[in-house]
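*Asks:* Would you mind keeping the following structure in view while I ask a few things?
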Amino acid sequence: MRLSRPARVTLGVITAIILVIVYVPLFVVLVNSFSTSTSLTWPPPGFTFEWWVKAFQSAGALEAVLTSVQVAIVATIIALVLGTLISFALQRFAFFGREAISLLVILPIALPGIITGIALNNFFRTIMGVPLSIWTVVIAHATFCIVTVFNNVIARLRRQGTNLEEASADLGAGVWTTFRLVTFPQLRSALLAGGLLAFALSFDEIIVTTFTAGSGVTTLPIFILNNMFRPNQAPIVSVIAVVLVLVSIIPIYIAQKLSGPADQKR
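Numbering-wise (the numbering used here), the sequence shown opens with residue 1 and increments by one.
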């Protein structure tokens, strides 16, 4: 489709405005992490690395990072297993209600986080009678992390078809041999991309975590929220926020690189 010059200029201006709105606040957070002011005045009166040193020496921050990593890893593993199994079931088999199940699998990522959080909180405490803990957080994160794995895997299954698997079966290979030597190698990049996205999604989740975490569970986003308005903590929070952005960007960038070439080749 060809666009006229005025249309291209208009789209360019709109894109630039959107990028400015999104990334200027992030740039401000980055600059404030080096500010000498404890109240985050703008422009910063000076610059220092003091807050970065204190942030990496903070026992509470380091414990929150460890908790977030543990939750994200376990939730990602659960999402990889369940998301892959659901993808195979919905793509390779025809049965009554398949489209409805597909919608139900994708729905958690579309629902507002506060709705999901309230629903899971009521489920754990009222219906199941389970005390909130790190495991309720893991289960809650897995419910929406499954979607990222499911979307990546089912898209790859749709593109690759079943010709190679049928050829493998015709040559005498069993189900597990075919999966190990034929199917899995074709899914590796999709699984890795889905897993990285699931990890990033879980690592910085705060709304659902707030409703499903026990009193002793503090993930990194909750740590930031709890310390944001405390005296002399704002610069340290800015440092942690910058680290959180970097940790989230890296797996998303890698996932995009893994998915992009495969999509272009097919």
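Positions of the beta carbon are idealized from the N, C-alpha and C atoms, including for glycine.
1. Taking buried to mean at least 16 other C-beta atoms within 10 Å of its own C-beta, is Ser-4 buried or exposed?
2. Is it buried or exposed, Pro-251, if we count other Cβ atoms within 10 angstroms and call 16 or more buried?
3. Reducing DSSP to helix, strand and coil, say where Phe-56 ends up.
4. Using only the alpha-carbon positions, how far apart do Ile-21 and Val-245 sit?
5. Answer yes if the region 186-194 comes into contact with the region 92-100, meaning at least three C-beta pairs across the two stretches below 8 Å, and no otherwise.
6. Quick check on the burial criterion: 16 or more other C-beta atoms within 10 angstroms. Buried or exposed for Glu-275?
7. Quick check on this structure: which residue in Leu-132, Phe-144 and Gln-256 has the alpha carbon closest to the alpha carbon of Val-217?
8. Can you check which of these residues, Ala-169, Ala-79 and Asn-122, is closest to Ile-139 by C-alpha distance?
9. Could you tell me which residues DSSP pairs with Phe-47 in its beta bridges?
10. Can you check the region 212-243 for any alpha helix (DSSP H) of at least 4 residues that lies completely inside it and give the ranges in chain order?
11. Beta carbon of Ala-213, beta carbon of Thr-76: below 8 Å?
12. Pick helix, strand or coil for Leu-171, following the three-state DSSP scheme.
13. Assign Gly-161 to one of three DSSP states: helix, strand, or coil.
14. Which same chain residues, not among the five before or five after Asp-263, have their C-beta less than 7 Å away from its C-beta?
*Replies:* If we stick to the structure as given:
1. exposed
2. buried
3. helix
4. 16 Å
5. no
6. In the structure as shown, the chain begins at 1 and stops at 266. Residue 275 is therefore absent and cannot be evaluated.
7. Leu-132
8. Ala-79
9. Ser-35
10. 220-227
11. no
12. coil
13. coil
14. Any answer about Asp-263 is weak, because its pLDDT of 46 lies below 50 and its placement is not dependable; what the coordinates show is given next. Cβ neighbours of Asp-263 beyond the five flanking positions: none.
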